[in-house]
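>
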Amino acid sequence: MTTTINTTNTLTSRLVNGLLAIKPLADFAKHQARTMMIKRAEEIGVPWTKKVEEFRTINWETYLNQVQNRELTYPDYYVCSFHAYEKGNLSWEAAWEVESAAYAVHAKIWPDAGAKGDPKLRQSYHDIIKKQITIQPQDILDLGCSVGMSTIALQETYPQAQITGIDLSPYFLAVAQYNSEQNHHHITWKHSTAEATGLPDKSFDIVSSFLMFHELPQKPTTEIIKEAKRLLRPGGYLTIMDMNPQSEIYAQMPPYILTLLKSTEPYLDEYFTLDIEKTIIEAGFHQPTITPNSPRHRTIIAQAK
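The sequence shown maps to residues 820 to 1124 in the numbering used here.
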């Protein structure tokens, strides 16, 4: 089973958690994290501010009505502050800014990557999938698809496949619907929880998740992996790309940066202490492979029994 770097019990981590329990300090950390991301995006040529202003002029209700499930009940873990947004992912501002934020966050994964860091990260994930999975998938599900960056990348990687993207945020899905229409991608978007999708048994060859699990407590993580097993055809694959708790980068992270990171990721400690190999095997998968695909990310691939 995997071993993880201890990021929760060190003196530094306990101090950070204590500071973030004080709301004014937590709010200040979130503000600083957000300011830093916007500045970095603009520095690498990503027009964060201009993009948001352009999005403000669009009639988003049209796209929202196409994707929103108004009967959906949101899990308690989701109705909280995420990524420096007080309403988390349940806001237009978060949806309009997520793509620019991805470019900013991933700009420094590799030296001098800049705006190319994000597409390079996605490509590294797909390269590992295509190397380890020899089947030609006909149906692929993207869990936690956000505004569709990962979903569109999957369709470009597997153009023959029917792609479905699921997310809990109707605002994210409205932007995903807009993006797919603008680029003539034929993707099905579904507003649902990932732990109870409502999709038929054994209906997918690959269930993929790109940077979702670090945003979850351990209980829904376990439920989502079980749901992925239910949705996969025999011999199908669960593929996960996310932060790598074994990376020395997190163990050596300066206290100030760790504070900013934890202020925007409320479940990071739970993610870093989860034995994800054990969780996957207990859900009915074969022993997964775990492959580092960046200095701070890993790709997990597990075949359903």
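Note that CB positions come from ideal geometry on N, CA and C, so glycine has one too. Note that the coordinates shown come from a computational prediction; the quantities given were computed from them, not determined experimentally.
(1) Just to confirm before moving on: does the CB-CB distance between Glu916 and Lys870 stay below 9 angstroms?
(2) In angstroms, rounded to a whole number, what distance separates the CA positions of Ala993 and Asn908?
(3) Cα-Cα, which of Ser1066, Phe901, Ile1025 and Ile1006 is closest to His945?
(4) Going by Cα to Cα distance, which pick from Leu1077, Pro938 and His1003 is closest to Ala923?
(5) Taking buried to mean at least 16 other C-beta atoms within 10 Å of its own C-beta, is Pro1064 buried or exposed?
(6) Which partner residues of Phe1104 appear in the DSSP bridge assignment?
(7) Quick one: grab the DSSP three-state call for Arg1117.
(8) Taking DSSP's pairing of strands, which residues face Tyr882 in a bridge?
(9) Specify whether the region 1048-1061 and the region 1110-1118 touch according to this definition: at least 3 beta carbon pairs, one from each stretch, less than 8 angstroms apart.
(10) Could you spell out where the beta strand (DSSP E) holding Tyr1056 opens and where it closes?
(11) Helix, strand or coil for Ser1027? Go by DSSP, reduced to three states.
(12) How about the region 1050-1057 and the region 972-982: do they share at least three Cβ pairs that are nearer than 8 angstroms?
With the structure as the only source:
(1) In contact: Glu916 and Lys870 (Cβ atoms closer than 9 angstroms).
(2) Rounded to whole angstroms, Ala993 to Asn908 spans 12 angstroms at the Cα level.
(3) The shortest Cα separation from His945 among Ser1066, Phe901, Ile1025 and Ile1006 belongs to Ile1025.
(4) Minimum Cα distance to Ala923 is reached at Pro938.
(5) Buried, since its Cβ has 16 or more Cβ neighbours within 10 Å.
(6) Among the bridge pairs identified by DSSP, Phe1104 is matched with Ala1123.
(7) Of the three classes helix, strand and coil, the one that applies to Arg1117 here is strand, per DSSP.
(8) According to DSSP, which records beta bridges pairwise, Tyr882 is partnered with nothing at all.
(9) Enough Cβ pairs lie closer than 8 angstroms, so yes.
(10) Looking at the DSSP string, the run of the beta strand (DSSP E) that includes Tyr1056 is Leu1051 to Met1062.
(11) Reduced to three states, the DSSP call for Ser1027 is strand.
(12) The region 972-982 and the region 1050-1057 do not touch, with fewer than three beta-carbon pairs separated by less than 8 angstroms.
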